[in-house]
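The numbering of the sequence shown is numbering that gives the first Met the number 0, which starts it at 0 and goes up by one. Glycine included, each C-beta is placed from N, C-alpha and C at the ideal position. Note that the coordinates shown come from a computational prediction; the quantities given were computed from them, not determined experimentally. Scroll down for the structure; my scribbles are underneath it.
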Amino acid sequence: MPSLMPKIESQLSDLPVPVTLQLPDGRKVSRPGSRITLAFSDWSALAKLGARQLGAIGEAYVEGKVQIQGAMRDLVDVTVGLLPRDPAEITHGWWSRLQRQARSRGSHSLGKDAEQIEFHYDVSDDFYALWLDPRRVYSCAYFRDAGMTLAQAQEAKLDHICRKLMLQPGDRFLDIGSGWGALLLWAAEHYGVDATGITLSKNQQAYVTRLIEEKGLSGRVRVELRDYRLLEEDKPFDKIASVGMFEHVGSANMSTYFRKIHALLKPGGLALNHGITSGQLDYAQLGSGLGDFIEKYIFPGGELLHVTRILRETSAAGLEMVDTENLRPHYARTLWHWSDALEARFDEAREVLVRTGGAEKAERVLRAYRLYLAGSAMSFEQGWIALHQMLSTKPDGKVKERPLRGAQSVYPFVRDYIYK
């Protein structure tokens, strides 16, 4: 493809990090001081580079058609330099929005959601344990102090959530999408709550059940394999948390999700939603093929909505938003911790995945996560996606019965309690 090479060479000359290309015929195109090497065994993949379809390049890497040598942080700088424009700045007409809504509705049935969660979270517990913190917190940490380790920042996040929710001994606490149980157990051990967690991952439920028994918490902590839509509403909870969950709910089901939280929450109670949001008001996914890559290899069925849409659905369900916090750069730093840890234990990760899924699948999963973690860190740093914590109440209608007249919930309408 001789006509393609001048275009690609021009693209490479403008990059902030020098890159070497190894072509399918063995020739090399390089700049002095190259820190990244992209070796192509397929001309069609090279054509995708010329078209700046970076998601397709990622797919070619996962499928073994491209080899990448170099540090992931340098690769991220190369990626930003190759993007034709901000991948979040995509406009869509009414027909595209209608198609997205129909696709969302079809992707989030009870059965589909269970399959999609299993696809991601049941890869291998041991694999995640290699690069997560000891508590296996798979969500944005909170670097309250600049010098915190990842483990310290994850504990700070767990406590930040518990403080926002004003957890008290004896509170009935629900954790929707409880993962490997870090928040569930932290709330029980440090705040004395009666805690219920739900998950769609069989691996996670088995793991958390073992921890509950080992810690002697079987009387007041439990984890169920259950979809949020199937929870009984006859015994409402005092406090509800949902961390890293609403990204999986789907646009079409968002109103159902928040109405369910309203039904599960006691009047006057608090609910906190912590999740990834889009950086732009209206787009289906990241452009340049990045969203397609994540859909195919990492989070099938995942949908990101702007925080304004989340807050609109919150209000429409009868909940009152009382505090919203953007933790976007905290997630970028969290993801770099994960990425660095995976890079440092790359060979171990391969061995773990080979044991659970065979050599071919192991290589594909490992390559996909390598790109996903670093690419997500890049997306949070650039502001293409964000992370919000949104605290809301279910007003109890009792205007005169709180210390601050009109509060209608346990929320004090001052933030001091969170930080003291």
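Range of the contiguous alpha helix (DSSP H) that encloses residue i
i	result
residue 76	71–81
residue 204	201–213
residue 162	149–163
residue 378	358–381
residue 4	4–12
residue 43	42–49
residue 55	53–61
residue 415	415–418
Residue range of the beta strand (DSSP E) that includes residue i
i	result
residue 21	18–21
residue 257	It is not in any beta strand (DSSP E) - residue 257 instead sits in the alpha helix (DSSP H) that spans 253–263.
residue 421	Outside the shown range of the chain, which is 0 to 419, sits residue 421, and nothing can be said about it.
residue 221	220–224
residue 192	Premise fails: residue 192 is in no beta strand (DSSP E) and is neither H nor E.
residue 341	Looking at the DSSP string, residue 341 is not in any beta strand (DSSP E); the run it does join, the alpha helix (DSSP H), is 327–343.
residue 125	Premise fails: residue 125 lies in the alpha helix (DSSP H), 124–130, not in any beta strand (DSSP E).
residue 318	That residue, residue 318, is in no beta strand (DSSP E); it is neither H nor E in DSSP.
residue 38	35–39
residue 390	384–392
residue 29	27–29
residue 68	65–68
residue 236	236–242
Under 9 Å between C-beta atoms of residue i and residue j
i	j	result
residue 244	residue 306	no
residue 344	residue 130	yes
residue 10	residue 37	no
residue 366	residue 61	yes
residue 193	residue 174	no
residue 161	residue 326	no
residue 203	residue 218	no
residue 351	residue 33	no
residue 376	residue 338	yes
residue 40	residue 17	no
residue 126	residue 332	no
residue 341	residue 304	no
residue 231	residue 198	no
residue 49	residue 82	no
residue 334	residue 57	no
residue 387	residue 272	yes
residue 274	residue 241	yes
residue 423	residue 405	Here the chain comprises residues numbered 0 to 419, so residue 423 is not present and cannot be evaluated.
residue 196	residue 221	yes
residue 178	residue 225	no
residue 302	residue 380	no
residue 35	residue 69	yes
residue 144	residue 80	no
residue 355	residue 361	yes
residue 75	residue 268	no
residue 346	residue 163	no
Sequence-distant residues of its chain with Cβ nearer than 6 Å to residue i (five each side left out)
i	result
residue 185	157
residue 29	19
residue 216	187
residue 415	none
residue 480	Examination of residue 480 is not possible in this model, given that the chain is present from 0 through 419 alone.
residue 336	149
residue 418	none
residue 258	316
residue 291	54
residue 159	141
residue 378	384
Spatial neighbours of residue i in its chain, beta-carbon cut-off 8 Å, leaving aside the 5 residues before and after
i	result
residue 320	310, 313, 314, 389, 390, 391
residue 357	none
residue 133	150
residue 7	20, 28, 45, 48, 49
residue 117	Because the pLDDT at residue 117 is just 44, under 50, the model does not fix this residue reliably, and the value given afterwards should be weighed accordingly. 199, 200, 201, listed in sequence order.
Close-in-space but distant-in-sequence residues of the same chain around residue i (CB under 7 Å, 5 per side omitted)
i	result
residue 261	316, 317, 318, 393
residue 264	235, 236, 239, 270, 393
residue 166	172, 186, 190, 192, 238
residue 413	none
residue 278	87, 382, 383, 384, 385
residue 15	76, 80
Test: residue i CB closer than 9 Å to a CB of chain B
i	result
residue 329	This model lacks chain B altogether; it includes just one protein chain.
Open item on the list: Within 8 Å, do at least three Cβ pairs link the region 150–164 to the region 207–218?
Closed with: no
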